[in-house]
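Here the sequence shown stands for residues 2 to 267, where the numbers follow my numbering.
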Amino acid sequence: MILDENITIIILSCAKFSDLWDNNVSLLKKFWPNHPKYQIISDGEALYPFRSREHLKIFNSEPSNRLIAAIDEVTTKYVFLTFDDYFLKKSVDEKHLIQIFEFIIKNDVDYCRFFKKPKIKTKINELGLKKLPLQNVYEVNMYPGLWKVDSLKKVLVPNEDIWKTEVRLTKRARENGLFCFAYLKENIFPFEDIVRKGKYLRSGLKFIKKNDLYISDREVRTYGEDFKLFIQTLASDYLPKGIANLVKKWQRKKGKVFYSDFENSD
């Protein structure tokens, strides 16, 4: 009951991603049967078959404005923010989630992400939580996480590109004195990433087929695209910071734009 009374799940999406909605909801019900109430936030009606119309909220605006409008309407003090293409793949450890949420309430925590990246070096507490030092970009991010609604409002800006918002979240959390944590294990919200840049990840499509879920006419990333993503992820995880910065500098000269460059440009 403590989760149900205090949390609304917000699934941020748009009409052109509505092929993912029924799959997302089906897995939410399967792997988190006692989930709090949820809302899918879109810019329009579903373009693909969708059964749970009563859970759809439509705001005809940009993603940042849709999110602001959605959290302005929720009646709970907290929201669990996630995206349409993050599909639950295992059962949520609700018992441990409740323990974490009790810690959040007791300690007036503003934000807690349930994703391992980026890694941080602070000490881990008895619940598996690490305090975010709020020193580096993406410590606070758009991966699944719990937000105090009033705190989330402080770091959102109307009419802002949502990915520029993400790169500025840590800076704004620091400037607003937010108290933030990360839980790095997968048992709280174990998810499969399904789409990247509008196309099915090959691993995501494999997951959909394995679970007999709906497959739309969405394009599939090529082996070359997936290999390039693999190399980028590997470099991001293991290259020393100095070398990574040199690689980025070289890529900028070739015209590549990094969202992380927008951290301080608002």
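We put the CB at the ideal spot given by N, CA and C, even for glycine.
Note that this is a predicted model, so its numbers are computed, not measured.
Decide if residue i is buried, meaning its Cβ has at least 16 other Cβ atoms within 10 Å, or exposed.
{"i": "glutamate 264", "result": "buried"}
{"i": "glutamate 176", "result": "exposed"}
{"i": "arginine 222", "result": "buried"}
{"i": "asparagine 160", "result": "exposed"}
{"i": "phenylalanine 208", "result": "buried"}
{"i": "phenylalanine 231", "result": "exposed"}
{"i": "arginine 54", "result": "exposed"}
{"i": "leucine 179", "result": "buried"}
{"i": "phenylalanine 1", "result": "Since the first residue shown for the chain is 2 and the last is 267, residue 1 is missing from the structure and cannot be characterised."}
{"i": "serine 237", "result": "exposed"}
{"i": "threonine 166", "result": "buried"}
{"i": "tyrosine 224", "result": "exposed"}
{"i": "arginine 52", "result": "exposed"}
{"i": "asparagine 108", "result": "exposed"}
{"i": "tryptophan 164", "result": "exposed"}
{"i": "glutamate 193", "result": "buried"}
{"i": "lysine 154", "result": "exposed"}
{"i": "lysine 149", "result": "buried"}
{"i": "leucine 147", "result": "buried"}
{"i": "leucine 235", "result": "exposed"}
{"i": "threonine 123", "result": "exposed"}
{"i": "serine 266", "result": "exposed"}
In the DSSP output, what is residue i paired with across the bridge?
{"i": "alanine 183", "result": "Arg114 and Lys131"}
{"i": "tyrosine 39", "result": "Ile10"}
{"i": "glycine 146", "result": "Leu82 and Arg114"}
Note the first and the last residue of the continuous alpha helix (DSSP H) segment covering residue i.
{"i": "lysine 30", "result": "22–32"}
Figure out for me which residue from the options has the closest Cα to the Cα of residue i.
{"i": "leucine 29", "options": "Arg173, Val80 and Lys91", "result": "Lys91"}
{"i": "tyrosine 144", "options": "Ile59, Asp162 and Tyr184", "result": "Tyr184"}
{"i": "tyrosine 39", "options": "Arg197, Val26, Val156 and Asp73", "result": "Val26"}
{"i": "aspartate 111", "options": "Glu55, Asn61, Glu127 and Arg173", "result": "Arg173"}
{"i": "glycine 205", "options": "Ile72, Asp85, Phe51 and Glu187", "result": "Asp85"}
{"i": "tyrosine 139", "options": "Ile101, Pro119 and Lys200", "result": "Pro119"}
{"i": "lysine 131", "options": "Asp94, Glu74, Ser65 and Lys186", "result": "Lys186"}
{"i": "valine 196", "options": "Ala47, Ile99, Leu133 and Ser217", "result": "Ser217"}
{"i": "arginine 114", "options": "Asp227, Met2 and Leu170", "result": "Leu170"}
{"i": "phenylalanine 60", "options": "Ser14, Glu74 and Asp44", "result": "Asp44"}
{"i": "tyrosine 49", "options": "Asp73, Asp20, Thr76 and Val141", "result": "Asp20"}
{"i": "leucine 89", "options": "Trp22, Ala70 and Arg52", "result": "Trp22"}
{"i": "asparagine 212", "options": "Met2, Phe32, Leu98 and Leu13", "result": "Phe32"}
{"i": "asparagine 35", "options": "Met2, Tyr87 and Glu167", "result": "Met2"}
{"i": "threonine 76", "options": "Pro134, Leu235 and Asp151", "result": "Asp151"}
{"i": "leucine 133", "options": "Gly225, Asn126, Leu235 and Phe182", "result": "Phe182"}
{"i": "arginine 203", "options": "Pro191, Glu226, Ile69 and Leu4", "result": "Glu226"}
{"i": "isoleucine 105", "options": "Tyr87, Asn126 and Val93", "result": "Asn126"}
{"i": "proline 37", "options": "Gly199, Ile99 and Lys154", "result": "Ile99"}
{"i": "tyrosine 215", "options": "Thr9, Ile8, Asn24 and Ala16", "result": "Asn24"}
{"i": "phenylalanine 18", "options": "Leu4, Lys96 and Pro64", "result": "Pro64"}
{"i": "lysine 58", "options": "Glu46, Trp148, Lys96 and Ile42", "result": "Ile42"}
{"i": "asparagine 7", "options": "Val80, Ile69 and Glu46", "result": "Val80"}
{"i": "leucine 157", "options": "Ile10, Ile69, His56 and Ile12", "result": "Ile69"}
{"i": "histidine 97", "options": "Gly129, Asp262, Thr9 and Ile12", "result": "Gly129"}
{"i": "tyrosine 87", "options": "Glu220, Arg67 and Phe190", "result": "Phe190"}
Segments assigned alpha helix (DSSP H), at least 4 residues, entirely inside the region 55–140: You should have 64–74 and 95–107.
Length-filtered (3 minimum) beta strand (DSSP E) runs lying within the region 149–221: With a minimum length of 3 residues, the continuous beta strand (DSSP E) runs that stay inside the region 149–221 are 181–184 and 192–194.
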